[in-house]
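Number of protein chains: 2
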Amino acid sequence: MSADAAAGGYTVKNERLVLERNTLDSVIYKELRKRIISLSFQPGSMIYENAVADEYGVSRTPVRQAFFRLANEGLLSILPQRGAQVSHLSAAKVKEAQFIREALEVSAFGEVARIWNKTADHSAAQAKALALIEQQRQVVREKDYVGFTELDVAFHDTVIGVLGNAMLLEMLNDVRTHLTRVRFLELQEAHHEDDAIADHVKLMRSIMANDVAGTQSLLLAHLKMIEAMRDDILKRHDILFE
Amino acid sequence: MSADAAAGGYTVKNERLVLERNTLDSVIYKELRKRIISLSFQPGSMIYENAVADEYGVSRTPVRQAFFRLANEGLLSILPQRGAQVSHLSAAKVKEAQFIREALEVSAFGEVARIWNKTADHSAAQAKALALIEQQRQVVREKDYVGFTELDVAFHDTVIGVLGNAMLLEMLNDVRTHLTRVRFLELQEAHHEDDAIADHVKLMRSIMANDVAGTQSLLLAHLKMIEAMRDDILKRHDILFE
DNA sequence: TCTTGCATCCTTGGATACAAGTGTGCAAGA
DNA sequence: TCTTGCACACTTGTATCCAAGGATGCAAGA
């Protein structure tokens with residue numbers, strides 16, 4: 001527990017990466033994932049184990065691990081003996097992910113509405129969700145659309161988190177990957193953030209009233225609105241897609 | 243296309259594993275996965291990279307990749323510097339997986355019922371699904387319960403496959419992992435295979451009639467029946483759980 | 001000018017060597 | 001007998017080395 005014991009536990013190998021107490025491969029994984037989702041790697045472009053290893057000052061081994069994980073998530077295609085290709089945006093994948101997200105979130109929100117304040121005291125979650133809505137208003141005023149995207153996800157996860165279903169949250173995180181990537185295409189343009197916030201307010205009201213059917217239809221409409229927005233983006237950028 | 247071209251494409255490195263034209267790590271992954279799910283590795287027991295590498299006659303590298311993938315799926319916990327532990331059966335995980343499976347399959351079956359023979363000709367899927375039901379009757383007569391489990395999954399996947407949503411099938415495959423593992427606990431005992439087959443017949447009839455609501459409530463009842471069966475198993479084996 | 005084949009380079013796949021953390025057992029001392 | 005500390009064995013984490021397949025460019029020949 002003491003600082004001494006902790007300091008004795010590991011040595012400083014690499015100044016750049018030492019802060020996160022993870023293995024190197026998960027550090028690389030997170031870094032690359034962020035860059036792929038945020039489109040700082042162009043979809044369709046090639047990346048190489050050696051290049052990434054050099055860039056981060058590590059050997060190929062942890063980079064390889066990271067590549068495999070990304071390939072598993074569908075963010076990278078590993079072409080044997082040729083390199084790894086950053087996945088194209090895929091209209092098909094977006095549709096698939098949208099279906100899954102709807103199925104999971106509608107069920108989850110419905111269940112949350114059903115049990116709200118009945119099986120446990122949910123005031124902590126309630127406070128957090130309402131605070132997130134407030135922060136959303138703030139970042140929209142500041143036109144911080146990246147921040148809004150993160151808060152949007154956080155709101156949904158906070159509500160769903162009431163179920164205590166870790167596997168569900170993890171799956172949703174995976175699924176939303178491919179949707180978020182599309183959203184990054186047009187972060188600068190004005191969208192429907194105000195509508196989204198209004199939806200969030202209505203959702204909370206409905207959940208707190210234990211209105212299962214109402215919550216589910218509100219959420220479905222909310223997700224369909226986002227989907228329509230995304231379709232719009234897709235049409236204008238179909239060059240980037242496979 | 244010729245046998246010569248194919249034969250020239252790779253060399254025989256290892257007599258034992260040469261049949262599958264995959265990388266070694268995915269071969270190891272599939273092998274270990276099968277052994278974990280079928281409980282041939284005792285839940286809670288430790289396995290080691292070196293031991294597995296020796297057993298399959300490969301180096302630690304591909305084994306490591308496989309370990310990571312299994313850990314990602316929740317089938318293995320990697321304990322730094324200590325080894326990897328085969329995950330315990332977990333009542334909590336089973337409940338989480340059951341929720342996800344219900345959400346996804348009910349939505350999927352509903353959608354299948356909605357579009358059945360409307361957007362495309364689904365006679366191939368229909369033939370396959372009905373054939374699977376017939377095979378289920380056969381294996382039950384032979385008391386081949388492992389075979390039944392596989393056919394059961396195949397039936398569900400065939401129906402859902404109509405949607406052409408690969409991501410969905412993959413997720414369901416992941417989710418069912420933890421449910422199947424429990425089922426392997428009591429393969430020898432008589433269960434409700436006959437009821438399950440009857441459910442499958444009713445489901446197909448309902449889908450073919452484009453009865454969305456009916457299909458969904460049938461499926462939900464079907465899944466709940468399986469869940470009840472599983473709960474029963476859980477109670478009798480709670481020693482094995484964490 | 002166009003085609004074809006070969007040398008070469010660059011890539012990933014896999015094996016091995018080395019570093020560092022964790023647990024265990026034994027010996028020494030009280 | 002009991003406690004304590006240290007050495008050692010065994011594990012994973014990471015780096016490096018070797019093998020082999022695919023792409024590319026250039027030269028030779030038609």
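Going down the list, the protein sequences come from chains A and B.
For the first sequence, the working numbering begins at 1 and goes up steadily by one.
For the second sequence, the working numbering begins at 243 and goes up steadily by one.
Each residue gets a CB set at the ideal place from its N, CA and C atoms; glycine is no exception.
From a predicted model like this one, the values you see are computed outputs, not experimental measurements.
- Taking a cut-off of 8 Å for Cβ pairs, the region 223 to 233 of chain A and the region 191 to 210 of chain A touch, as three or more such pairs fall below it.
- The beta-carbon of A:K93 is placed less than 8 Å from the nearest beta-carbon of chain B.
- Listed in chain order, the positions of the region 307 to 328 of chain B with a beta carbon within less than 9 Å of a beta carbon of chain A are Q307, F310, R311, N314, G316 and P322.
- Taken through DSSP and simplified to helix, strand or coil, A:V146 comes out as helix.
- Assignment of beta-bridge partners to B:M288 by DSSP yields B:Q327.
- Burial state of A:Q42 is exposed, judged by a 10 Å Cβ sphere holding fewer than 16 other Cβ atoms.
- Between the region 454 to 462 of chain B and the region 340 to 351 of chain B, the count of Cβ pairs shorter than 8 Å is three or higher; the stretches touch.
- Taking a cut-off of 8 Å on C-beta distances, the region 126 to 143 of chain A does not touch the region 378 to 397 of chain B, as fewer than three cross pairs fall below it.
- Within the same chain, Cβ atoms closer than 8 Å to the Cβ of A:W116 are found at H122, V162, I207, M208 and N210, the five residues on either side in sequence being excluded.
- Just so you know, the alpha carbons of B:N415 and B:F426 end up roughly 16 Å apart.
- In the DSSP assignment, A:S217 falls within the alpha helix (DSSP H) that extends over V212 to R236.
- In the three-state reduction of the DSSP assignment, B:L414 falls in the helix class, which pools H, G and I.
- C-alpha of A:I233 to C-alpha of B:N292: approximately 50 Å in a straight line.
- Of the other Cβ atoms in all chains shown, 16 or more fall within 10 Å of the Cβ of B:V294; this residue is therefore buried.
- In this structure, the beta-carbon distance from A:V94 to A:H192 does not fall below 8 Å.
- Against B:E338, the close residues of chain A are N165, A166, M167 and L168, in the order they occur along the chain (beta-carbon pairs closer than 8 Å).
- For A:I36, not one C-beta of chain B is nearer than 8 Å to its own C-beta.
- Excluding sequence positions up to five before and after A:L79, its CB lies within less than 7 Å of the CB of Q85, all in the same chain and listed in chain order.
- The three-state secondary structure of B:S319, taken from DSSP, is strand.
- Residues of chain B with a Cβ closer than 8 Å to the Cβ of A:L104 are, in chain order, I342, A345 and L346.
- Proximity of chain B to A:S107 at the Cβ level (cut-off 9 Å) is accounted for by F341, I342, E344, A345, L346, V348 and S349, in chain order.
- By the rule that beta-carbons nearer than 8 Å mark a contact, B:M413 touches chain A.
- With fewer than 16 other beta carbons inside 10 angstroms of its own, A:A92 counts as exposed.
- Under the three-state reduction of DSSP output, B:T422 falls in the helix class.
- Counted as a single uninterrupted DSSP element, the alpha helix (DSSP H) harbouring B:L374 occupies residues S365 to R383.
- 8 Å or more divides the Cβ of A:V212 from the Cβ of A:I160.
- Pairing B:A308 with B:Y271 gives a Cβ-Cβ distance under 8 Å.
- With a 10 Å radius around the Cβ and a threshold of 16 neighbouring Cβ atoms, A:A129 comes out buried.
- With a cutoff of 8 Å on beta-carbon distance, B:Y290 and B:G325 are scored as near each other.
- Under a 10 Å Cβ-count criterion, A:G110 is classified as buried, with 16 or more other Cβ atoms of the shown protein chains found around its own Cβ.
- When B:E392, B:L410, B:A408 and B:T457 are compared, the shortest CA-CA separation from B:K276 is found for B:E392.
- B:I375 is not a Cβ neighbour of B:L317, given a cutoff of 8 Å.
- Take the alpha-carbon of A:L89 and the one of B:D386: they are about 44 Å apart.
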